[in-house]
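K.L.:
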DNA sequence: GTCTATAGTTCGATAGAC
DNA sequence: GTCTATCGAACTATAGAC
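Set out below in structure tokens:
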């Protein structure tokens, strides 16, 4: 068997991944409806038809973009939680840190842009669109249940309902970091930078933990 | 001067307001880019051309939709805060309540839908689009500064930067109420209903207050 | 696997009658 | 102030050559 005309789908650096990378950026910047496949093809340096060959249609491409990073993020989230459980007592602070750290690292993975994927996550979390709902259900509800259970373990006084609320509120707080609108800087005359993920985590973790404990 | 052929722009119940009402629903359901002016015209029972006569273009219509409710919401927010200041000591709990109550009441104003406008607010707050940024700056940054100052008054140990973070995080938590995705119900087997604004406020207020105090 | 070319649809906006 | 009719642009998706 001789070598193929071009690279396979699973070899990084090929056309397939170039499309995914470009799509991630454009979907993040312009939203699903605001995105034109032409622009993705242009940024990826491929013909528009190739997108349909690999991903069928726009929805298929979007789902692949979400699936790729969601896999990385949620595997890391699960591993982080496993490690904490293995170490013994679950501390609330560690749980929150374990929840958000992987989204940060997935966000800055693409060097040139400012962390595209996290912005896709924000729109996914807030959308009532059936496709968005379905993707959330598939990729994020299972790990959510995992963390909700962990919250209750760390704070036994928390009811089941309040653990769910706590998780939802935590995600809401985290979205102010992932949206990267620049609004904190504007409101604070440059004092607060929502582009600095480590700085933000140092404020987000105590805020959420204080909030959760106030629910008990 | 005899009576006009039809109602004026400032008379409720006229074509002008019918367009705004329909636009609010469709923009909330489908997002800005996902919205077709045809659908708005259809729902409002008017010709598509009338939208351009009254609002010039799609962007103009959207801005008017935002402006209308934002005026109501932020006047109420300002009044609430004034009242608290007049009463004497500022309690953190009252400030948070004063911040979110008006968005709830604006949300349920239109009877038939489930509070459309709050969903527009969510997408506005998370968008990096220039038009969204500009609208946020115009309508929501001034009142934000007002509440940030109030947070510092209520909790003097809070630094200016942390007061800005606290405000941002509070908005993030509030968005889990305004997005109305139904996810809390799904994650809790029906225990948590994000459609019940009063129930949510009873959990959001203590959560945020606990979070803010943890920042000091 | 990748490209070019284009079909077919939908959309925002305009022109002009009433 | 409101409607009908339509233009022109943009988009997704497909067909077919290589």
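Protein chains in written order, with my numbering: chain A, 924 to 1139; chain B, 924 to 1139. Virtual Cβ for every residue (Gly too), placed ideally from N, Cα, C. In this text the structure is predicted, and so the values were computed from the model without any measurement.
Check whether the Cβ atoms of residue 1087 (chain A) and residue 1071 (chain A) sit closer than 7 Å, and answer yes or no.
P.N.:
Yes, the Cβ-Cβ distance between residue 1087 (chain A) and residue 1071 (chain A) is below 7 Å.
K.L.:
Can you name the residues of chain B whose CB is closer than 8 Å to the CB of residue 1023 (chain A)?
P.N.:
Those within 8 Å of residue 1023 (chain A) in chain B number zero; the least Cβ separation is about 12 Å.
K.L.:
Counting contacts by CB-CB distance shorter than 7 Å, is residue 1096 (chain A) in contact with chain B?
P.N.:
Chain B, which has a Cβ nearer than 7 Å to the Cβ of residue 1096 (chain A), makes this yes.
K.L.:
Quick one: Cα of residue 983 (chain B) to Cα of residue 937 (chain A), how far?
P.N.:
One C-alpha to the other measures close to 43 Å.
K.L.:
Using C-beta distances below 8 Å, list every residue in its chain close to residue 1124 (chain A), excluding the 5 sequence neighbours before and after it, in chain order.
P.N.:
Once the five neighbours on either side are set aside, the close Cβ partners of residue 1124 (chain A) are 1020, 1023, 1024, 1027 and 1100.
K.L.:
Going by Cα to Cα distance, which pick from A:995, A:1132, A:1011 and A:943 is closest to residue 965 (chain A)?
P.N.:
Answer by Cα proximity: A:943.
K.L.:
Let me check you understand the geometry: is the CB of residue 1110 (chain A) closer than 6 Å to at least one non-hydrogen atom of the ligand SAH?
P.N.:
Summarising the ligand content, the structure contains no ligands, and the ligand SAH is consequently not present.
K.L.:
Would you mind telling me which residues of chain B sit closer than 8 Å to residue 1068 (chain A), beta carbon to beta carbon, in chain order?
P.N.:
The answer, in chain order, is 1110.
K.L.:
If you reduce the DSSP assignment to three classes, tell me which class residue 1103 (chain A) lands in.
P.N.:
Coil, per DSSP.
K.L.:
Given this structure, state the Cα-to-Cα distance separating residue 1092 (chain B) from residue 973 (chain A), to the nearest angstrom.
P.N.:
Rounded to the nearest angstrom, the two C-alpha atoms are 42 Å apart.
K.L.:
Can you confirm whether the stretch 1116–1135 of chain A touches the stretch 999–1008 of chain A when touching is taken to mean that 3 or more C-beta pairs between the two stretches lie within less than 8 Å?
P.N.:
Touching, no, given that fewer than three Cβ pairs across the two stretches are closer than 8 Å.
K.L.:
Between which two residues does the alpha helix (DSSP H) containing residue 970 (chain A) stretch?
P.N.:
That residue, residue 970 (chain A), is in no alpha helix (DSSP H); it is neither H nor E in DSSP.
K.L.:
Is residue 1063 (chain A) helix, strand or coil by DSSP?
P.N.:
Three-state result, residue 1063 (chain A): coil.
K.L.:
Rounded to whole angstroms, what is the Cα-Cα separation between residue 1137 (chain A) and residue 1126 (chain B)?
P.N.:
If I take the Cα positions, the gap works out to 9 Å.
K.L.:
If we define contact as Cβ-Cβ less than 7 Å, is residue 1107 (chain B) a contact residue for chain A?
P.N.:
For residue 1107 (chain B), the answer is yes, since a Cβ of chain A falls inside 7 Å of its Cβ.
K.L.:
Indicate whether at least one CB of chain B lies closer than 7 Å to the CB of residue 1084 (chain A).
P.N.:
Yes - at least one Cβ of chain B is within 7 Å of the one on residue 1084 (chain A).
K.L.:
Need the endpoints of the alpha helix (DSSP H) that residue 1134 (chain A) sits in, please.
P.N.:
Residue 1134 (chain A) -> alpha helix (DSSP H) spans 1120–1137.
K.L.:
DSSP three-state call for residue 926 (chain A): helix, strand or coil?
P.N.:
Model confidence at residue 926 (chain A) stands at a pLDDT of 41, short of 50, so the residue's coordinates are unreliable; what they give is reported in the following sentence. DSSP places residue 926 (chain A) in coil when its eight states are reduced to three.
K.L.:
Tell me the residue span of the alpha helix (DSSP H) that contains residue 1078 (chain A).
P.N.:
Per DSSP, residue 1078 (chain A) belongs to no alpha helix (DSSP H) and is neither H nor E.
K.L.:
How would you label residue 955 (chain A), buried or exposed, when you count the other beta carbons within 10 angstroms and need 16 or more for buried?
P.N.:
When all chains shown are included, residue 955 (chain A) counts as buried.
K.L.:
So, is the C-beta of residue 983 (chain A) closer than 7 Å to a C-beta in chain B?
P.N.:
Output row for residue 983 (chain A): interface = no.
K.L.:
Nearest by alpha-carbon distance to residue 1109 (chain A): which of B:1005, B:1063 and B:1044 is it?
P.N.:
The option with the nearest alpha carbon to residue 1109 (chain A) is B:1063.
K.L.:
Residues of chain B with a CB under 7 Å from the CB of residue 1134 (chain A): which are they?
P.N.:
Here the neighbours are 1130, 1131, 1133 and 1134.
K.L.:
With residue 1000 (chain A) as the anchor, note down where its alpha helix (DSSP H) starts and where it stops.
P.N.:
It spans 981–1010 - the alpha helix (DSSP H) in which residue 1000 (chain A) sits, taken as one unbroken run.
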